[in-house]
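Inspection log for the structure reproduced underneath, given as structure tokens.
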Amino acid sequence: MKGRAKMATNQILRAYSIKDVSKKINIPTGTIRQWEKDLQGLIHVPRSKQGARFYTQTEIALLEKVKEMRANNLSKDMIRKLLEKHNSELSEAAAESSKTSMPAVANKTAVTVEQPASPASLPNVEEIFAAMESYRQHMLTEIKDVMQHNRNEIIEQVKKEITLGSLQTVQGLSKSIQRSNEKTKSEVRELAHTVATSSERTFETIEALSGDIAKASERTSETFETLSADIAKASERTSETFETLSAEIVKASERTSETFETLTSDIVKASEATSDKITKRLSENSKTTTRDYKNLMAKVSQDVKSAQKELNTVARVLNRDQEAFVDTMNQNLKELTSVIREREEAFHGMVTSFREAAAAAKNEKKWWKPWS
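The sequence shown: position 348 = 355 (this note's numbering), numbered continuously.
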């Protein structure tokens, strides 16, 4: 009976986002929101401090019933009436069970001793902490999916530490609750509230960490896009340079051919006395052409070196960003581990105080026995 109640509490307290529910019951998120509006007052969807919806197994089971009724072509009014009838039957059954589970009245004696509350009448904090442990495991699984693959060993170590610490905490609380009295009952309620608050803070920390990871991924993608654009621009400039070089070579070749044609005609028309001048002109034209080739090659080499420098600069920037991203992830993981350890130490302190209070209460009651 206790195991079934524990499993039910785990199912109730495990939270799902609206996207997870949409995949789970195969219904679009817009349809789910519309059902909430149509059945307002019957489907109560809790929200976080940021206003985000989260669903438990209770809301998911109710949505599955609505889906089944809609598949049978039932109208909205008929679905509302059926759900109201179902809720009223559940409330009546709960009222009857609470009446039958009332504790018996104490015997009429001269000195009455108040009996400690049975474990069934106390709020089952063991089940609450077991459900919180399941919720923590779910959050750790989401962190594992987001982080890089080479951090799996660290996450597994954190999960083992949390599991061991939580198991010890739950066992200690279970023993303390069984020996506690009515005063311990209020302290357990405060502890449950503290656990719920710490779970919300942990959930907010995970959300902030997920946001940082998403932002870092966006920055990395933007850096890759910038690198691709720079490479494309450098390639365009290099192609333009080669096109310019080809055009200038063609022009130089044309000028050289024209020069040779002119020289040939001059040789035919000139006499032997002008051969020295023709030779000088040929030499000058060759030097000019050689100089043009050298200038063009120097210009192309300079453009290629400039493009290589730009690529090296972009690669260094990308490496620095990746190192900063890895350092940030390591720092966030260390902070999360330290926060979880501090909370576990606080839980151990509370367990110790409960044990001391229970032991003190037990010792105070022993001196009544000789006169009872």
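By construction, the Cβ of each residue, glycine as well, lies at the ideal position given by its N, Cα and C atoms.
Given the structure is predicted, the values throughout are model-derived calculations rather than measurements.
For residue i, which of helix, strand or coil comes out of DSSP?
| i | result |
| --- | --- |
| residue 54 | strand |
| residue 128 | Low local confidence applies: a pLDDT of 37 at residue 128 is under 50, so the model's placement there is unreliable, and no value is given. |
| residue 120 | In this predicted model, residue 120 has a pLDDT of only 34, less than 50, meaning its place in the structure is not dependable; the value taken from the coordinates is given anyway. Coil, per DSSP. |
| residue 361 | helix |
Checking 7 Å against the spacing of the C-beta atoms, do residue i and residue j come in under that value?
| i | j | result |
| --- | --- | --- |
| residue 36 | residue 50 | no |
| residue 32 | residue 74 | yes |
| residue 305 | residue 241 | no |
| residue 321 | residue 252 | no |
| residue 170 | residue 328 | no |
| residue 255 | residue 303 | yes |
Which residues bound the alpha helix (DSSP H) around residue i?
| i | result |
| --- | --- |
| residue 24 | Taken as a continuous stretch (DSSP letters only), residue 24 belongs to no alpha helix (DSSP H), as it is neither H nor E. |
| residue 40 | 36-45 |
| residue 77 | 64-78 |
Near residue i, what residues of its chain come up, given a Cβ to Cβ distance below 7 Å and the 5 sequence neighbours on each side ignored?
| i | result |
| --- | --- |
| residue 39 | 25, 28, 29, 70 |
| residue 356 | none |
Could you name the residues of the same chain whose beta carbon sits closer than 6 Å to that of residue i, not counting the 5 residues immediately before and after it, in chain order?
| i | result |
| --- | --- |
| residue 336 | none |
| residue 266 | 292 |
| residue 42 | 73 |
| residue 110 | Reliability of the predicted coordinates at residue 110 is poor, the pLDDT of 47 falling under 50, and the value obtained from them is presented with this limitation in mind. Here the set comprises nothing. |
| residue 341 | none |
| residue 349 | none |
If you drop the 5 nearest sequence neighbours on each side, which residues of the same chain put their C-beta closer than 8 Å to that of residue i?
| i | result |
| --- | --- |
| residue 89 | 76, 81 |
| residue 324 | 230 |
Let me make sure I understand the geometry here. Which of the options has the alpha-carbon closest to that of residue i?
| i | options | result |
| --- | --- | --- |
| residue 45 | 84, 67, 58, 54 | 84 |
| residue 67 | 52, 299, 78, 56 | 52 |
| residue 318 | 237, 141, 218, 208 | 237 |
| residue 61 | 99, 94, 98, 207 | 207 |
| residue 288 | 356, 268, 301, 300 | 268 |
| residue 331 | 215, 219, 34 | 219 |
| residue 226 | 363, 93, 326 | 326 |
| residue 197 | 361, 276, 298, 221 | 361 |
| residue 78 | 47, 34, 96, 276 | 34 |
| residue 56 | 312, 351, 369, 211 | 211 |
| residue 59 | 214, 48, 95, 239 | 214 |
| residue 87 | 96, 99, 54, 47 | 47 |
| residue 250 | 97, 363, 307, 204 | 307 |
| residue 299 | 276, 316, 312, 257 | 257 |
| residue 144 | 316, 347, 98, 95 | 347 |
Hey, is residue i's beta-carbon within less than 7 Å of any beta-carbon in chain C?
| i | result |
| --- | --- |
| residue 261 | Among the chains in the structure shown there is no chain C, since it carries only a single protein chain. |
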